[in-house]
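Q: Top line first, the protein sequences correspond to chains E and L. Just so we're aligned: 134 in the working numbering is position 134 of the first sequence, and the numbers increase by one with no gaps anywhere. Just so we're aligned: 844 in the working numbering is position 550 of the second sequence, and the numbers increase by one with no gaps anywhere.
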Amino acid sequence: MITLQLLVNGLALGAAYALVALGFVLVLNATAAVNFAQGDLVMAGGLLGVALAPHLPAYLPLPGLLLLPVVLVLMAGLGLVLAAAAYLPLRRRPPVAVFISTIAAGIILQNGASVLFGPEPRAAPPLLSGGTLDLGGLVVAEQSLAIIAVAALLIAGQQWLFGRTQLGRRLRATAQDPEMARACGVRVTAMILITFALGTAFAGAAGLLLANRYFVTPTAGGDLILKAYIAVTIGGWGSVPGAVAGALLIALFEVGVSSVLSYPVALGLLYATLLVILVARPQGLFGEAARRRA
Amino acid sequence: MRNGVRKLWALAPTLTLPRFAGEGIGVAVLVAYALLYASPYGLRVLTVAGVYALAAIGFQIVFGLGGALSLAHGAFFGIGAYATGILGSQWGLGFAATFPVSLLVPLLLALLVGLPVLRLESHYFALATLGIAQVVHLLAVNSPGLTGGANGLPGVPGIVLFGWAVPRGLPLAAAVWGFVALGGLVAWRLARGHWGRALTLVRDDPLAAGTLGLDVGGLRLAAFALSAVYAGAAGALAVHTQRVVSPEVLEFPVMVSVLTIAVVGGRGRVAGAILGAVLLLHLPEWFRFLERSYLIVYGVALLATIVLAPHGLTGLLDRLFPSRPAPLPEPAAPPETAIPTGPLLRVEGLTKGFGGVRAVDGVSLTLEAATITGLIGPNGSGKTTLVNLISGLETPDGGRVMMGNSDMAGQRPDRIARAGIARTFQAVSLPEGANVLAAVAAARLERDGSIALAEAHALWALERLGAADLAAKPCAGLPAALRRRVELARALARQPAVLLLDEPAAGLTDGEKAELAGHLRAIAATGTALLVVEHDMGFLLPLAGHVLCLDQGRPLYEGPPEGVRSDPAVVAAYLGEGV
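1. Between the stretch 749–766 of chain L and the stretch 521–541 of chain L, can you find at least three pairs of beta-carbon atoms closer than 8 angstroms?
2. Within 10 Å of its beta-carbon, does Q428 of chain L have 16 or more other beta-carbons around it, so buried, or fewer, so exposed?
3. Who are the neighbours of Y229 of chain E on chain L, taking C-beta pairs under 7 angstroms?
4. Which of the three DSSP states is assigned to L56 of chain E in this structure?
5. At what residues does the beta strand (DSSP E) containing A716 of chain L begin and finish?
6. Beta-carbon of Q428 of chain L versus every beta-carbon of chain E: anything under 7 angstroms?
7. Would you list, in sequence order, the uninterrupted alpha helix (DSSP H) runs of no fewer than 4 residues that lie entirely inside the stretch 704–776 of chain L?
8. Using C-beta distances below 6 angstroms, list every residue in its chain close to L837 of chain L, excluding the 5 sequence neighbours before and after it, in chain order.
9. Grouping DSSP H, G and I as helix and E and B as strand, with all else coil, what is M697 of chain L?
10. Is there contact here, the stretch 738–752 of chain L with the stretch 814–825 of chain L, by at least three beta-carbon pairs under 8 angstroms?
11. According to the Cβ coordinates, are A44 of chain E and L109 of chain E closer than 7 angstroms?
12. Smallest Cα separation from F357 of chain L: which of L:A517, L:V342, L:A571?
13. Assess, as a yes-or-no matter, whether the stretch 523–542 of chain L is touched by the stretch 336–349 of chain L under the definition of 3 or more beta carbon pairs within less than 8 angstroms.
14. State yes or no: is the C-beta of N9 of chain E within less than 7 angstroms of the C-beta of S114 of chain E?
15. Let's see if you can read the secondary structure: which residues bound the beta strand (DSSP E) around G853 of chain L?
16. Specify the secondary structure class of G137 of chain E as computed by DSSP and reduced to three states.
17. P410 of chain L CB to nearest chain E CB: under 7 angstroms?
18. Given D223 of chain E, which residues of its chain have a CB within under 8 angstroms of its CB, disregarding the five upstream and five downstream residues?
19. Report back the beta-carbon spacing between L22 of chain E and I155 of chain E to the nearest angstrom; my notes put them in contact at under 8 angstroms.
20. For G843 of chain L, write down the residues that DSSP places opposite it in a beta bridge.
21. For a test of the three-state rule: what should DSSP assign to M295 of chain L, helix, strand or coil?
22. With respect to the alpha helix (DSSP H) encompassing V496 of chain L, which residues constitute its N-terminal and C-terminal limits?
23. Could you work out which residues of chain E lie near G425 of chain L, taking near to mean beta carbons separated by less than 7 angstroms?
24. Using a C-beta to C-beta distance shorter than 7 angstroms, which residues of chain E count as neighbours of D546 of chain L?
25. Return the bridge partner residues of W458 of chain L from the DSSP annotation.
26. What residue ranges within the stretch 486–570 of chain L form continuous beta strand (DSSP E) runs of no fewer than 3 residues, ordered along the chain?
27. Determine the burial state of V139 of chain E: buried for a count of at least 16 other Cβ atoms within 10 Å of its Cβ, exposed for fewer.
28. Just checking, does the stretch 598–612 of chain L make contact with the stretch 88–106 of chain E on the three C-beta pairs under 8 angstroms criterion?
29. Report the option in L:Y851, L:M697, L:P768, L:R778 whose CA atom is closest to the CA atom of A791 of chain L.
30. Using a threshold of 7 angstroms, state whether the C-beta atoms of F36 of chain E and G106 of chain E are closer than that.
31. Report the neighbours of N111 of chain E on chain L: residues whose CB is nearer than 7 angstroms to its CB, in chain order.
32. From E:L116, E:A272, E:L208, pick the residue whose C-alpha is nearest to that of L127 of chain E; which is it?
33. Does chain E have any CB closer than 7 angstroms to the CB of H417 of chain L?
34. Give the interface partners of L597 of chain L over in chain E, defined as CB-CB distance under 8 angstroms, in chain order.
35. Could you work out which residues of chain L lie near S114 of chain E, taking near to mean beta carbons separated by less than 7 angstroms?
36. From which residue to which residue does the beta strand (DSSP E) around E662 of chain L run?
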């Protein structure tokens, strides 16, 4: 029973990590750029939820869930700003330039948040009521199930957008070969902006989902970007399903080891495992999906 | 707006100052400020600026020169700090004992983790080093017995130099800045010397660096290790200044500060590290209202610099006050290397597969001294892969590459280059930031003792190809034909016994091709064996004494060039007809 409960917790955490990793890998594929600010964007989404919560009318039944669309829209806007300030001016420069510019964006977000909110941990409202459900003896937090459901819906939406729509075809074309896409009449810059908006919105959603049970502090981004990075690395650099699978894997690892030992040990082991994977199998556990761009 | 900026630059005074005028003025201003104006608080800020300058100088070595974005630099700083903190406060050891340990522990850790981690590509390297930093931080916070945990350890003694306990205030600032001066001088000499040149080539083009005889892995590891020593020294001085060590020294803000200082000051420049540190450590004083969130200012400064002035403040100063271009050296022929006669390179049954595709499948060939061999075949037939296998950029699955009596197959590119094999690339790659002379001189770094000598020999190689007039030109913006010429000169400067050329005539006009053919004949006449990959039969067949044609990785034809056009298998492979 304990194992099942841990599994649900792990899946819920993994679902949120999957959104973070998915946003990271979408931007990576579209731009070949590593967005180091992704973790800080998750933190920003969480604090946005905290800031918006008092403005919700108290008589409405589903407080957290109502915030989700607002957070998605505002974060998408932040993604556009990020792309315009930290990516577009550096498109023709070596990749390390974007790496540094997004580190800078992350620093600004992190310290801006600590000026506005202070350093102490904050909690966003739960998506539903915040209670627990008894499923035939298995007691599960409603929030866990809600996180899984919301993340699954968002990921399914992304899959539908990319797989079934004209816009999705253009986004995929841009990710596969920007030069060729441009030659075929795709407005590549617009597609890149949309991808940044989408990736940032997913980060924000993950922030809102995480910020209820795990709290949010302005410095939370550092660990989150590492976890997104680890998920994408073990899932195969550039692979979208791999990123989701990698995120679930590390969340289960984290929850499992934390329950037996402790969270710092779990984190230490996770990073140590990452180093071993990087050294022994740099192409990831499932093979590298992104080609090297000449 | 770009145009406006360019016009502004054109208007900027083209006044040239004596060498080191800027550095001299900077030092004078700093000393005058410290002696005459600085309050005790101001001296403290200046001392901390010195600590960060030292850390940033180390970061310039690994990141600026070596191009590796190490996010473990803050961890090395923190480890140096904890080494001094633990030994000083718990064991009661003095500066003379703790300072060397603070250099040694980061050095050992860097050597230990550097070997596996430095092989990784740029973003993986950054991630792996960030992972190391997080593990070190976790360990420090969670081992209270050793490190004092989250509270840290108080009671760290001050600096003692030759029996003199350095008091706070001006003496401490002077001592810290003395270390900065010493460390800066060492780093500056290394950066502008032989080693720094080699390291920048490793940064700009690791593939080419290997084929020019430079040990890419060794250079990177040395840079990583040396940067760790600087970080450890800075960490030790930081703890002596604060007299307390706590996990703060291992947190991300340290890393962020060092990165910002290096980028804002100017990547790869010692003067940039110092200028950046003095400026950025004083910025929070001017933005007092932000209190402890001064890092917002750092973030904005970092973003603005990387977007608007990628070469940092020292780069801007260089453009405002350009230094006189160094005069060209007198060309000098390098000492003759005796090239034996007869077969120089024997390739036997070389095989390489990528996934399921056999890119090179049992290829054998012999390159004789003073001959030109043509390597032809349709696109994707394995020509470039064969060149990559011989030069060590790819590892063969099977077969031998015999130079004399030694099998070079699977060896590192620099070992193969040192054995006498040089090559050019199909897509010419020259370091965009360097001028032509420096780019060609890179080929001599492995052999010549000084840069002056390497450049004299490089000029000789350029002269042999009639390209000496290009020497002072920047590589960026050279037209394609001249780029190929410069790259050939770079390969020639290696005085190779075997020279592999991958499509040297691509993109050249007929006149340029005729000139190139003349140069290649002259190179062969000195005894070098040439292998020329080429599609242009009109260029290649009159030039080559022997031709090998590949198709799908297998040899299709081998023999005199006259027989190529009439060979039915070759014709079928090119035209796609059944034999």
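All residues carry an ideal CB built from backbone N, CA and C; glycine is no exception.
A: Judging by the given coordinates:
1. The stretch 521–541 of chain L makes no contact with the stretch 749–766 of chain L, as fewer than three CB pairs between them are under 8 angstroms.
2. With 16 or more Cβ atoms within 10 Å of its Cβ, Q428 of chain L is classed as buried.
3. Those are L421, listed as they occur along chain L.
4. In the structure shown, L56 of chain E sits in coil (DSSP, three-state: anything other than H, G, I, E or B).
5. Here the beta strand (DSSP E) through A716 of chain L covers 715–717.
6. It does: the Cβ of Q428 of chain L has a partner Cβ on chain E nearer than 7 angstroms.
7. For the stretch 704–776 of chain L, whole alpha helix (DSSP H) runs of length 4 or above, ordered along the chain, are 707–712, 730–735, 745–758.
8. Same-chain partners within the cutoff: I666, A811.
9. Shown here, M697 of chain L sits in a strand according to DSSP, grouped into three states.
10. Per the Cβ contact rule, the stretch 738–752 of chain L is not in contact with the stretch 814–825 of chain L (fewer than 3 Cβ pairs under 8 angstroms).
11. A contact, by the Cβ cut-off of 7 angstroms.
12. The option with the nearest alpha carbon to F357 of chain L is L:A517.
13. At 8 angstroms Cβ cutoff, the stretches touch.
14. Not closer than 7 angstroms, so no.
15. Its beta strand (DSSP E) spans residues 848–853.
16. DSSP places G137 of chain E in coil when its eight states are reduced to three.
17. Taking Cβ atoms only, chain E reaches closer than 7 angstroms to P410 of chain L, which makes this a yes.
18. These residues qualify, in order along the chain: G39, L267.
19. Indeed they touch by this definition, with Cβ atoms about 6 angstroms apart.
20. Looking at the sequence itself, residue 843 of chain L is Cys, so the reference to Gly does not match. The partner list for C843 of chain L (beta bridge, DSSP) reads L:I670, L:Y851.
21. Because M295 of chain L carries a pLDDT of 49, less than 50, the predicted location of this residue cannot be relied on, and no value is offered for it.
22. Secondary structure note for V496 of chain L: its alpha helix (DSSP H) is the uninterrupted segment 488–498.
23. Simply L226, Y271, L274, L275.
24. Looking at the sequence shown, residue 546 of chain L is not Asp but Phe. At a C-beta separation below 7 angstroms, F546 of chain L has these neighbours in chain E: G222.
25. W458 of chain L pairs with L:L455.
26. DSSP assignment within the stretch 486–570 of chain L yields no whole beta strand (DSSP E) run of 3 residues or more.
27. Within 10 angstroms of the beta-carbon of V139 of chain E lie fewer than 16 other beta-carbons, which makes it exposed.
28. Touching, per the Cβ criterion.
29. Comparing Cα-Cα distances from A791 of chain L to each of L:Y851, L:M697, L:P768, L:R778, the minimum goes to L:M697.
30. Less than 7 angstroms separates the beta-carbon of F36 of chain E from that of G106 of chain E.
31. What N111 of chain E touches in chain L: S587, L589, I590, G593.
32. Out of E:L116, E:A272, E:L208, E:L208 has the C-alpha closest to the C-alpha of L127 of chain E.
33. Interface residue, yes.
34. Per Cβ cutoff of 8 angstroms: A85, A86, S101, A104, A105, I108.
35. The CB of S114 of chain E comes closer than 7 angstroms to the CB of S587 in chain L, given here in chain order.
36. First-last of the beta strand (DSSP E) with E662 of chain L: 651–662.
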